[in-house]
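Residue numbers (the numbering used here): 4 to 318.
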């Protein structure tokens with residue numbers, strides 16, 4: 004596994020200066036907020052890696068997605084995948100995003116954490132889409148405590164979290180996700196999972212998901228369909244990394260946080276030796292690699308898995 008490390012010299016003079024000025028300007032506003040800084044305390048074994056590919060992150064279900072209307076102004080066709088305007092928007096520039104303390108043993112604390120991080124995701128991606136000139140609607144949140152049914156699947160399910168494009172909603176169980184992650188107490192792991200599912204919403208709003216799903220459905224074999232799925236999942240990994248890297252000034256990641264997030268990316272990848280027909284999320288190495296791309300570059304352009312045909316997406 005590659006080890007992620009922040010390049011020396013910071014983020015680059017111009018961008019760093021703009022961010023510093025932005026944070027300074029908003030400091031007075033933040034003083035009045037009652038948010039607490041993230042507490043990163045290790046602990047908890049991860050869920051069984053043998054079933055991680057199916058129980059960690061589910062491929063979004065688009066089977067009942069309404070056809071896009073002509074006035075959506077969203078990119079369509081192959082250009083939506085390989086030449087999306089979102090790729091040219093530069094680094095993600097979120098407002099300061101300190102997250103509340105997370106107590107994984109308290110479902111209310113988990114819900115508060117998920118809502119606060121989603122607020123940050125909403126803000127960051129809304130402004131990125133505005134820069135790209137693409138309409139954006141934040142996803143709905145279903146942070147559930149009791150089982151139920153969505154248009155895409157019932158829950159609880161084998162997936163610890165999933166995105167349902169039909170209703171543009173992210174589903175995460177406030178106790179279920181902690182149980183599936185073995186009681187892991189490291190908040191960055193849950194932030195990464197949430198940002199990954201949010202990444203599927205970003206794909207949908209950018210016009211990617213519908214074209215991807217349509218083309219995948221035309222393939223003649225499960226092996227070929229899986230090639231499409233892996234690129235989608237690896238891109239969502241990268242989009243999660245973008246967010247985690249971009250908010251690091253106000254939501255700092257310790258070395259332990261980074262290790263935990265990268266380890267989780269490996270654990271939720273396809274298990275080693277899995278039959279080709281079951282490989283939908285990429286190898287552990289590639290899952291980590293694309294998350295690292297996002298962490299290091301912090302820009303959507305780093306996540307164009309659709310234009311890549313090398314070993315980083317084929318396994």
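Backbone N, C-alpha and C define an ideal beta-carbon position, used for all residues, glycine too.
**Item:** Beta-ladder partner(s) of residue 172, from DSSP
**Value:** 143, 167
**Item:** C-alpha distance - residue 200 paired with residue 166, whole-angstrom precision
**Value:** Distance between the alpha carbons of residue 200 and residue 166: 6 angstroms.
**Message:** For residue 150 and residue 230, I'd like the C-alpha separation in whole angstroms.
**Reply:** 32 angstroms
**Request:** Classify residue 158 as helix, strand or coil using the three-state DSSP reduction.
**Result:** In this structure, DSSP gives residue 158 an extended state, which the three-state scheme calls strand.
**Prompt:** Roughly how many angstroms separate the alpha carbons of residue 242 and residue 248, rounded to a whole number?
**Reply:** Cα-Cα distance, rounded: 10 angstroms.
**Prompt:** Buried or exposed: which applies to residue 118, given that a residue is buried once 16 or more other Cβ atoms fall within 10 Å of its Cβ?
**Reply:** exposed
**Asked** Anyone know if the C-beta pair for residue 116 and residue 103 falls short of 7 angstroms?
**Response** With contacts defined as CB atoms closer than 7 angstroms, residue 116 and residue 103 qualify as a contacting pair.
**Message:** What does the alpha-carbon distance come out to for the pair residue 388 and residue 77?
**Reply:** This structure gives no information on residue 388, because the portion of the chain shown stretches from 4 to 318.
**Prompt:** Would you call the region 177-192 and the region 252-260 touching, i.e. three or more CB-CB distances under 8 angstroms?
**Reply:** yes
**Message:** Using the three-state DSSP reduction, which class does residue 190 fall into: helix, strand or coil?
**Reply:** helix
**Asked** Taking C-alpha atoms, which residue in 212, 309, 80 lies nearest to residue 169?
**Response** It is 212.
**Prompt:** Between the C-alpha atoms of residue 303 and residue 203, what's the straight-line distance to the nearest angstrom?
**Reply:** 13 angstroms
**Request:** Would you kindly check if the distance between the Cβ of residue 308 and the Cβ of residue 218 is under 7 angstroms?
**Result:** no
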